[in-house]
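Residue numbers (the working numbering), protein chains in the order written: chain F, 255 to 566; chain G, 16 to 266. For reference, the structure is listed below as structure tokens.
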């Protein structure tokens, strides 16, 4: 659990982060959203003390993060940044092994961990371990950056616009990978982005920041349904709110009894995908299949439209 | 031009240099037309190879000292604690560069006497600037997100300097050292005006006895050394740059 208590950072007279308090539950993915200059990155960097707060405290599992020297604290917290910041003069394996080496792990343990992470991120350890970062594609570099951040098995992973430099297709893939990693290791992830779409897609909870203040801190559904201010509403984007809302739910939650003609959709797909498929194929209903391929009912345009309305 | 042609030219130059230093008399017929009144065509007041060795040794010692001081100074002024010394260090190093080596020699002789010492002082001061400026450039242009990632991974200030900043600056620092070495190789010749054993001795002897052959062979040996060392250091730099994942500049 991460408890942020009335944390403030001032540069001169300007409060970049202004009296922010929030509690982040363990094993969740929290997204901090804001425009540039909103203080979101500064807030993130105060958790691992890359920035020292002017006042306030941050506790990790009940322990004040100022109780150990900054560099030791940062070895226990994963950190991934935009453009990944890989060390260009070190191989992929050396890059990933950075924090374990600082922690004094023995060579065999580091190698085992590096290979495990590379395999997890679908990079062949034998082929990619000895390469240098400049020999990798952008998407591969980003994955190595995430692997490096996770190398020392941190409980908390901080990510500063990790997908900012990726093209849309690789970005979607990287987001799916991140969700899979979060599920597998149960890491508490805090991710900073300016993209509300990304926030709604990834976050268990979303924190919206503006001009140093925390405007709203709630679940994606809540943010979409009841934006606290006009600013949050603008960030959400009024025109595609219903579709964002649908993207949060799975098809299994709107299955109706009955059958329908044509191609089916998996129960695990998002309701947004179901609606898109229905509209595109000009149908009003289509069959739904369970995870093991059995037909379990149908989904209708009407049912989906009801779901897309603002929650009461 | 094919890639092996420059290499072949350099090997040829090296062979010629070694041959000339070990058996200068072989080349007497070539230099003979440049002398008058039966003067000797090959320097005869000492061994050319031992002069060349001492010349290189003087340059090596002065450059080594300049590297230590210039790199240490650049590291100091790029740390937060030393940032305020940057303008002062810049001026000091600049004075070292702009003060003519001849004047340094003239001022150093009364203090340390004749011989190698005043030459070492002059070369040391003269060599500081390129190394200092390049180290400074290297350390201040390390990609910000790489340094940020190093901090985020929990490296201490020293670890960042030794594992990230210096290795990444190495190609630029090497370029500074190369410039400094080449300048020193040429400048070392004037050390012989205050009795330092360098190849300048040959040139000065030639000037005093109006012997063009002496002047030419002294000058050519220094030039050949400079060209070969310059090329060797350039190759070293490229190797370092490639290891850093940087694409070396063409040329």
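Even for Gly, the Cβ is constructed at its ideal location relative to N, Cα and C.
Secondary structure within the region 259-302 of chain F: the beta strand (DSSP E) runs of 3 or more consecutive residues, fully enclosed, are 268-278, 283-288 (chain order). For residue 337 of chain F and residue 421 of chain F, the gap between their C-alpha atoms comes out near 12 angstroms.
Against chain F, the CB of residue 189 of chain G has no partner CB under 8 angstroms away; the residue lies outside that interface. Distance check between residue 564 of chain F and each of F:494, F:533, F:457 places F:494 closest, using alpha-carbon atoms only. Contact annotation: in the region 446-475 of chain F, no residue has its CB less than 9 angstroms from a CB in chain G.
DSSP places residue 542 of chain F in the strand class (E or B) of the three-state scheme. Annotated three-state conformation of residue 76 of chain G is helix, per DSSP. Here residue 401 of chain F is buried, its C-beta having at least 16 other C-beta atoms within 10 Å. Close CB contacts of residue 145 of chain G within its chain, under the 7 angstroms cut and outside five residues either way in sequence, are with 191, 194, 195 (chain order). Taking all protein chains in view, the Cβ of residue 35 of chain G is crowded by 16 or more other Cβ atoms within 10 Å, so the residue is classified as buried. At least one CB atom of chain G sits nearer than 8 angstroms to the CB of residue 335 of chain F. If you check the CB distance, residue 411 of chain F and residue 398 of chain F do not come in under 8 angstroms.
For residue 257 of chain F, the closest of F:276, F:265, F:288, F:266 by C-alpha to C-alpha distance is F:276.
Under DSSP, residue 141 of chain G shares a beta bridge with no residue. Membership of residue 125 of chain G in the alpha helix (DSSP H) is indicated by the continuous run 116-127. Using beta-carbon distances, residue 259 of chain G counts as an interface residue toward chain F, with a partner under 8 angstroms. When the five nearest sequence neighbours on each side are left out, the beta carbons in the same chain lying within less than 8 angstroms of the beta carbon of residue 451 of chain F are those of 498, in order along the chain. In the same chain as residue 270 of chain F, and ignoring 5 residues on each side of it, the C-beta atoms closer than 6 angstroms to its own belong to 263, 293, 296, 466, in chain order.
Within the region 144-172 of chain G, the residues whose Cβ lies closer than 9 angstroms to some Cβ of chain F are 158, 159, 160, 161, 162, 163, 164, 165, 166, 167, 168, 169, 170, 171, 172, listed in chain order. Annotation for residue 236 of chain G: the continuous alpha helix (DSSP H) segment containing it runs 227-258. Residues of the region 293-304 of chain F that bring their beta carbon within less than 7 angstroms of a beta carbon in chain G comprise 302, 304, in sequence order.
Rounded to whole angstroms, the separation of the alpha carbons of residue 112 of chain G and residue 102 of chain G is 15 angstroms.
Your pair residue 528 of chain F and residue 505 of chain F checks out as a contact, with CB atoms roughly 5 angstroms apart and the cut at 8 angstroms. By the rule that beta-carbons nearer than 8 angstroms mark a contact, residue 289 of chain F does not touch chain G. Distance between residue 233 of chain G and residue 215 of chain G, taken at the CA atoms: about 7 angstroms. Sorting G:171, G:91, G:142 by C-alpha distance to the C-alpha of residue 189 of chain G places G:142 at the top.
No Cβ of chain G is located within less than 8 angstroms of the beta carbon of residue 392 of chain F. Listed in chain order, the non-local C-beta contacts of residue 327 of chain F below 8 angstroms within the same chain comprise 302, 303, 319, local neighbours out to five positions each way being set aside. The Cβ atoms of residue 237 of chain G and residue 204 of chain G sit closer than 8 angstroms to each other.
Against chain G, a Cβ distance below 7 angstroms from residue 353 of chain F picks out 168, 169. For the C-beta of residue 356 of chain F, the chain G residues within less than 8 angstroms are, from N- to C-terminus, 168, 169, 170, 174. The bridge partners DSSP lists for residue 446 of chain F are F:286, F:414. Residue 456 of chain F and residue 405 of chain F have their C-alpha atoms roughly 22 angstroms apart. Taking every protein chain shown into account, the CB of residue 453 of chain F has 16 or more other CB atoms within 10 angstroms, so this residue is buried.
Note that the region 343-353 of chain F touches the region 378-390 of chain F; at least 3 beta-carbon pairs, one per stretch, sit closer than 8 angstroms.
Unbroken alpha helix (DSSP H) runs of no fewer than 4 residues, entirely contained in the region 41-89 of chain G, are found at 43-46, following chain order.
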